[in-house]
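Have a look at the structure below before the remarks.
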Amino acid sequence: MKLAVRFLLVLVALVAVVLAVMAWLLPGALPASTAPSSDVKAPGPASSVIDQGEYLARAGDCVACHTAATGKPFAGGRAMPTPFGALFVPNITPDDDTGIGRWSADDFYRMMHTGVSRDGTLLYPAMPFASYTKVTRADSDAIYAYLMSVPPVRQANRPHELKFPFNNRDLLIGWRTLYFRQGEFTPDPKQSAEWNRGAYLVQGLGHCAMCHTAINALGGSSESKAFEGGMIPNQNWYAPSLTSNREAGLGNWEIQDIVDLLQAGASHRGTTYGPMAEVVYNSLQYLSDEDVRAMAVYLKALPQRDAEPPPSSQARLVRPEIMESGRKIYAAQCAMCHGDEGKGHPPAFPPLAGNQSIIMASPVNSIRMVLNGGYAPGTRKNPRPHGMPPFSHILSDEEVAAVVTYIRVAWDNSGTPVTPPQISELRKLLPE
């Protein structure tokens, strides 16, 4: 009997030890009544950093480039056409063999700050390291922590397909000498905290200058022409000026109109289409009201440039019969949404009179919209956007030229006329 009691006591003790070890190693293995509930557990510092990193990755629009159309997030593989050939964006998931799983936070910051990969390879400037160099170490570390938290995807990177001699990375040494200035963002003590926050986002993670500054034959841009606008290489879209010029920039925009365009994709002054609509959809709609307003404050304060277009209508340059043809087509196809006087019904249907995108030097955006139509992005603040139908199937090159010319010069618009050959040439480059 005593032996049985002793055996029972030893057995109870062993069970207690086993339960104690399980509680230490596997707290979730115990019944819910004795284990802490994960639903009420306060988030630790790691999750806060990851959340911040996700927000910053949104601000940098990382997912747009590093995710193929039918691919998994951040797994790369998307082709990026350039005048020098196709670049294929790399996998930045935390896969050890094909992604950045073996990278340290130091490796990641070095890449962001200097444009040099973990193995010492110089990155092509399609990766906006010339902007990302301004990102602080703390923000870089947060983005790194977030990327390390996403599901790893085993997908090998595809080699670039660049023409000779651009496939020789040694040429990047010369490019970097001419166009790359390394260094984190330094706040301007003469400006407000809001302005500095906006400058940090626009110049750094937002890398806005990459599209809104003209690119030269070497794939570089001049700081003296920053934000003056320019053609986006190989995309056949023109990124408009963001300067304070009144005719072709943001000089006569209200701060709230800029905020609405950035965050909702549509405002009382215009609507985003094309590449900018993607930026709003993937990135800007997720930023806080405070950050978007800071960006607007900074953009509104950009200085004027010398590239002001003519201040008044250029209708005198248009033959009367072309002007009348354009007016008739507009009345039949456009006036229902945009109004007889081009004032539109914003924000659903943008105005054409005084519209920056209509009157700028390049007519490419206006032509594209008439030919292919388009939709503003569906966003949190504009979940059901209105779209514009295509007219390429019902209007000839001559008719498109006439109506685009009309909207660029009517109502005191200061755009210049377009010609049928311009329509024909662009039509060949655009998707059906």
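When the sequence shown is numbered by our numbering, its final residue is 436 and no position is left out of the sequence of numbers.
The C-beta atom is built at its ideal place from N, Cα and C for all residues, glycine as well.
| Item | Value |
| --- | --- |
| Starting from the N-terminal side, write out each stretch of the beta strand (DSSP E) that is 3 residues or longer and does not extend beyond the region 235 to 299. | 241 to 243 |
| Could you tell me whether the region 186 to 203 touches the region 98 to 116, using the rule of 3 or more Cβ pairs below 8 Å? | no |
| In this structure, does DSSP put histidine 164 in helix, strand or coil? | coil |
| Among all the DSSP beta bridges, which residues are the ones paired with proline 85? | Ala90 |
| Tryptophan 257 and asparagine 369 - do their beta-carbons sit closer together than 8 Å? | no |
| Please report the Cβ distance between isoleucine 371 and alanine 252, rounded to the nearest whole angstrom; I am assuming they are in contact, meaning their Cβ atoms lie under 8 Å. | At roughly 17 Å, the Cβ-Cβ gap does not stay under 8 Å, so isoleucine 371 and alanine 252 are not in contact. |
| Work out the CA separation of lysine 138 and tyrosine 148 for me, nearest whole Å. | 16 Å |
| Taking only three categories from DSSP, how would you classify phenylalanine 112? | helix |
| Can you give me the start and stop residues for the alpha helix (DSSP H) that histidine 216 sits inside? | 213 to 216 |
| Alanine 197 to arginine 297, Cα distance in whole Å? | 12 Å |
| Going by alpha carbons, who is nearest to proline 132 out of Asp110, Pro163, Ala142, Tyr183? | Tyr183 |
| Per DSSP, what kind of secondary structure is leucine 126 in: helix, strand or coil? | strand |
| Using a 10 Å radius around the Cβ and a threshold of 16 neighbouring Cβ atoms, would you call histidine 397 buried or exposed? | exposed |
| Contact between the region 329 to 348 and the region 403 to 411 is defined here as three or more beta-carbon pairs at a separation below 8 Å; is this criterion met? | yes |
| Look at the alpha carbon of serine 135 and the alpha carbon of valine 374, and state the distance between them as a whole number of angstroms. | 34 Å |
| Valine 157 and glycine 103: beta carbons closer than 8 Å? | yes |
| Does the Cβ-Cβ distance between leucine 438 and leucine 288 come in under 8 Å? | Given that the chain is displayed from residue 5 to residue 436, the structure contains no residue 438 and the question cannot be resolved. |
| Could you work out which residue in Thr247, Thr420, Glu294, Asp143 is closest to aspartate 55 when comparing CA atoms only? | Asp143 |
| What residue from Thr97, Pro98, Gln360 has the CA that sits closest to alanine 243's CA? | Gln360 |
| Taking the beta carbon of threonine 181 as the centre, do at least 16 other beta carbons fall within 10 Å, making it buried, or is it exposed? | exposed |
| Taking only runs of the alpha helix (DSSP H) that begin and end inside the region 344 to 427, which ones reach a length of at least 4 residues, in chain order? | 360 to 363, 368 to 376, 401 to 413 |
| How far does the alpha helix (DSSP H) with phenylalanine 78 in it extend, from its first residue to its last? | Note, phenylalanine 78: premise wrong, no alpha helix (DSSP H); not H, not E. |
| What separation, rounded to the nearest whole angstrom, lies between the Cα atoms of aspartate 123 and leucine 176? | 16 Å |
| Note the first and the last residue of the continuous alpha helix (DSSP H) segment covering methionine 327. | 324 to 337 |
| Pull up the distance between the alpha-carbon of leucine 434 and that of arginine 388, whole angstroms please. | 26 Å |
| Return the CA-CA distance between proline 355 and proline 163, expressed in angstroms with no decimal places. | 45 Å |
| Could you check which residue in Ala405, Ala146, Asp416, Tyr379 has the C-alpha nearest to that of glutamate 325? | Ala405 |
| Using the beta-carbon count (16 or more within 10 Å), is methionine 280 buried or exposed? | buried |
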